[in-house]
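Accompanying notes for the structure given below.
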Amino acid sequence: MKPSIPKGTRDFLLEAAAKRNYIFDTLKKVFEQYAFLPVETPAMEKLETLTGKYGEEGDRLIFKILARGEKLSKALEVGNETKLAEEALRYDLTVPFARMVVQYQNEITFPFKRYQIQPVWRADRPQKGRYREFYQCDVDMIGSKSLLNEIELVQIIDEGFKNLGLGDVTIKLNNRKLLLGIVQELGIENQFIDFTVVLDKLDKVGKDGVLKELSEKGISLADDKVNLLFKESGFDLQAIKALIGQNQIGNEGLNEVNFVFDAVKAFGISNLELDITLARGLNYYTGCIFEVVHNEFNSSICGGGRYDDLTGIFGLKDVSGVGISFGADRIFDLMEAKGLFPKNLTQSAKILFANFGEKEMLASLKIANQLRAQNIPCEVYPDAVKMKKQFKYAEDRKIPYLGLIGEDEMSNATITVKNLATGEQTSSTLDELLHMLNQ
RNA sequence: GUGAUUGUAGCUCAGCUGGUUAGAGCGCUGGUUUGUGGCACCAGAGGUCGCGGGUUCGAAUCCCGUCUUUCACCCCA
């Protein structure tokens, strides 16, 4: 059998793993700058914890874990589908986080801020930028309704992407309350989800495409409202204001968006865009919603929003939360395509000591240990094989220097050091070597 | 879930309308060079042509199924 991995998953070899860690580390630094601390939750949750939180489509994509042993045979026997799988792999990090907050509510100080970098699984069909296993980097805050949180999250998004070299992203902002107000004024409140999902496609399929899809879902709109709602491929904020008029929830949403928008702009973040067509599919969002896109990548690389009732589902009422999720794998692909990763992420040792035999090997190890004590990563080649092979190893691992300690060097306490890039070779004492490698 | 698409050596690929020993480049191993690599030259190893079935005297090549790859839709990080 040819070795391979399940579809929609991928291996991260040395260099790829280093690159991905670079993304994690960069984001972590920003998260911690805003006083978020890490938590972790198990890869699997009880199925009932997950179902019903992501909408119909989302539920379908949950990876269920088949029951085993007696439980399985019993479930098959009785034909009880719900007993076939009682556990599932987590679909995102937000719902498990909400579960965690409710479960440990007496041990937690609110507002509770955490970040979480872990993989999630979706039983989707893989395609560009879409995997069945991928890492999310979530920052969430539960237990405060203040819009300060929204403002800070936008700042985190902005700083995070800038630090990754992706300062040219667009941060989109919208508010579900505003959308709800619009839907109320259109008289189609009971088709809120259907409407917003279709509206989200405006820039992709245009006005006619949206109208067509709406009518396919049994939603028809009066012409005058359509004209207020959107133009060919965008929308007109003044017209939207006219559309929602005195609608209470709509104006609430509008005020929230404006507050966040103005504050963030005042802090010099210019790539923020109000987009009333932004919907976001996850059902639990209730207030501000965010999404980050890049013009060289066709799907969003970060998304999030406020959820007023998520903990309520688990029994903790009136606790609002808000958070965002960076899609590490999409960011990885985008950065790879743009060549944004720093070089030498995989440089392991600064110097490799060649192996000429047992005596020489031990002499080299003694030097290596002294370098290590000075925080200089280094290694001794483990086998006394031919030089060609040892050189190649150093080259493949991007080790810049080769140290040679043979009989001559041992007897006069020196180390022959060869710069592998230039071919330059010097005879140094240990102190000279330390000095050179510390630069 | 729907519709396309791909699969030949470790990697990237060639192999014309079916014809007998399936090729190249890179990589790998050994040698020219038993403590001095990158270059060059020489030699060598490595493939049930994704898998299963069918058509045929004969299949990498045609047909069916299946898995896999990639892409779009749905939906999403």
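Just so we're aligned, residue 3 is where the first sequence starts under the working numbering, counting upward by one. Every residue, glycine too, gets a C-beta built ideally from N, C-alpha and C.
**Asked** Can you name the start and end residues of the beta strand (DSSP E) that Asp1 belongs to?
**Response** For the chain, the structure presents residues 3 to 441; residue 1 sits outside this window and is missing.
**Prompt:** Among residues of its own chain, excluding the 5 on either side of Ala125, which ones have a beta-carbon nearer than 6 Å to its beta-carbon?
**Reply:** Within the same chain, and ignoring the five residues on either side of Ala125 in sequence, the residues whose Cβ sits closer than 6 Å to its Cβ are Leu63 and Phe65.
**Asked** Taking Cβ to Cβ, would you say Gln129 is nearer than 8 Å to Leu95?
**Response** Cβ atoms of Gln129 and Leu95: not closer than 8 Å.
**Asked** Nearest CA to the CA of Ser302: which residue from Ile333, Gly325 and Ala268?
**Response** Residue Ile333 is the option with its Cα nearest to Ser302.
**Asked** If we count the other Cβ atoms within 10 Å of its Cβ and call it buried at 16 or more, is Val387 buried or exposed?
**Response** Counting the other CB atoms within 10 Å of its CB gives Val387 a total below 16, which places it among the exposed residues.
**Request:** Work out the CA separation of Tyr106 and Lys219 for me, nearest whole Å.
**Result:** So the two alpha carbons sit approximately 42 Å from each other.
**Request:** Could you tell me how far apart the beta carbons of Val321 and Gly162 are, in whole angstroms, since I believe they sit closer than 8 Å?
**Result:** Val321 to Gly162, Cβ: 26 Å. No contact.
**Asked** So who's on the other strand from Thr418, going by DSSP bridges?
**Response** Partner(s): Leu406 and Ser429.
**Prompt:** Between which two residues does the alpha helix (DSSP H) carrying Leu342 extend?
**Reply:** For Leu342, there is no enclosing alpha helix (DSSP H), as DSSP marks it with neither H nor E.
**Asked** According to the Cβ coordinates, are Met46 and Leu74 closer than 8 Å?
**Response** Contact flag unset, no.
**Asked** Out of Leu155, Gln349 and Phe328, which has the shortest C-alpha to C-alpha gap to Ala19?
**Response** Taking the Cα of Ala19 as reference, the smallest distance to any Cα among Leu155, Gln349 and Phe328 is reached at Gln349.
**Reference Asp61; option with closest CA among Ala69, Thr51 and Leu68** = Ranking Ala69, Thr51 and Leu68 by CA distance to the CA of Asp61 puts Thr51 first.
**Item:** Of the residues Cys380, Gly325, Asn260 and Ile407, the one placed nearest Leu364, counting alpha carbons only
**Value:** When only C-alpha atoms are compared, the closest one is Ile407.
**Prompt:** Going by the beta-carbon positions, is the gap between Thr288 and Val104 smaller than 8 Å?
**Reply:** No, these two residues do not count as a Cβ contact at 8 Å.
**Request:** Specify the secondary structure class of Asn300 as computed by DSSP and reduced to three states.
**Result:** In the structure shown, the three-state DSSP call for Asn300 is strand.
**Prompt:** Going along the chain, which residues of its own chain have a beta-carbon closer than 6 Å to the beta-carbon of Phe261, five neighbours each way excluded?
**Reply:** Setting aside the 5 residues that flank it on each side, Phe261 is surrounded in the same chain by Leu149, each with a C-beta closer than 6 Å to its C-beta; the list follows chain order.
**Prompt:** Run through DSSP, which three-state label would Ser327 get?
**Reply:** Note: Ser327 maps to strand in three-state DSSP.
**Item:** Contact set for Glu215: own chain, Cβ-Cβ below 8 Å, skip 5 residues either direction
**Value:** Hits under 8 Å: Val200, Lys203 and Val207.
**Message:** By the DSSP assignment, the alpha helix (DSSP H) with Gln193 in it spans what residues?
**Reply:** No alpha helix (DSSP H) holds Gln193; DSSP gives it neither H nor E.
**Message:** Quick check for students: name the residue ranges of the alpha helix (DSSP H) that lie wholly in the segment 201-251, counting only runs of 4 or more.
**Reply:** Runs of the alpha helix (DSSP H) inside the segment 201-251: 204-218, 225-231 and 239-246.
**Contact set for Asn165: own chain, Cβ-Cβ below 6 Å, skip 5 residues either direction** = Answer for Asn165: Thr28, listed in chain order.
**Asked** Beta-carbon separation of Glu187 and Gly247 under 8 Å?
**Response** Closer than 8 Å, so yes.
**Asked** Thinking C-alpha only, which one of Ile25, Ala87 and Lys243 is nearest Val342?
**Response** In the sequence as displayed, the identity of residue 342 is Leu instead of Val. Minimum Cα-Cα distance from Leu342 among the listed residues Ile25, Ala87 and Lys243 corresponds to Ile25.
**Asked** With a CB to CB cut of under 6 Å and the five nearest residues on each side skipped, what residues in its chain are close to Pro98?
**Response** If we look at Pro98 and ignore the five residues flanking it on each side, its Cβ neighbours are Thr43, Glu47 and Arg92.
**Message:** For a quick check, are the C-beta atoms of Gln392 and Ala423 less than 8 Å apart?
**Reply:** Not closer than 8 Å, so no.
**Asked** With 16 other CB atoms within 10 Å as the buried threshold, where does Leu168 fall?
**Response** Under this definition Leu168 is a buried residue.
**Asked** Among Gly425, Asp398, Phe232 and Leu182, which residue has its Cα nearest to the Cα of Glu17?
**Response** Closest in C-alpha terms to Glu17, from the list Gly425, Asp398, Phe232 and Leu182, comes Asp398.
**Prompt:** Can you tell which of Asp13, Ser146, Glu434 and Leu354 has its C-alpha closest to the C-alpha of Met389?
**Reply:** The candidate whose alpha carbon is nearest that of Met389 is Leu354.
**Request:** Have a look at Ala100 and Val41 and give me their C-alpha separation to the nearest angstrom.
**Result:** Taking the Cα positions, Ala100 is about 12 Å away from Val41.
**Request:** Please list, in chain order, all residues of the same chain as Lys227 whose beta carbon is under 8 Å from its beta carbon, the five residues on each side excluded.
**Result:** Exclusion of the five residues before and after Lys227 leaves Glu187, Leu188 and Leu245 as the residues of its chain whose Cβ lies within less than 8 Å of its Cβ.
**8 Å Cβ cutoff met for Leu180 and Gly270** = Not in contact: Leu180 and Gly270 (Cβ atoms no closer than 8 Å).
**Message:** My parser needs the alpha helix (DSSP H) runs of 4 or more residues fully inside the segment 29-98; what are they?
**Reply:** The segment 29-98 is shown to contain whole alpha helix (DSSP H) runs of 4 or more residues at 49-52, 57-62 and 71-80, in chain order.
**Item:** Distance, Ile369 Cα to Met412 Cα
**Value:** Taking the CA atoms as reference points, Met412 sits about 11 Å from Ile369.
**Request:** Give the DSSP bridge partners of Asn177, in chain order.
**Result:** Cys290.
**Request:** Flag this pair as yes or no: are the beta carbons of Gly325 and Gly305 separated by less than 8 Å?
**Result:** Between Gly325 and Gly305, the CB-CB gap reaches or exceeds 8 Å.
**Exposed unless 16 or more other CB atoms sit within 10 angstroms - verdict on Gly425** = Exposed, because fewer than 16 other Cβ atoms sit within 10 Å of the Cβ of Gly425.
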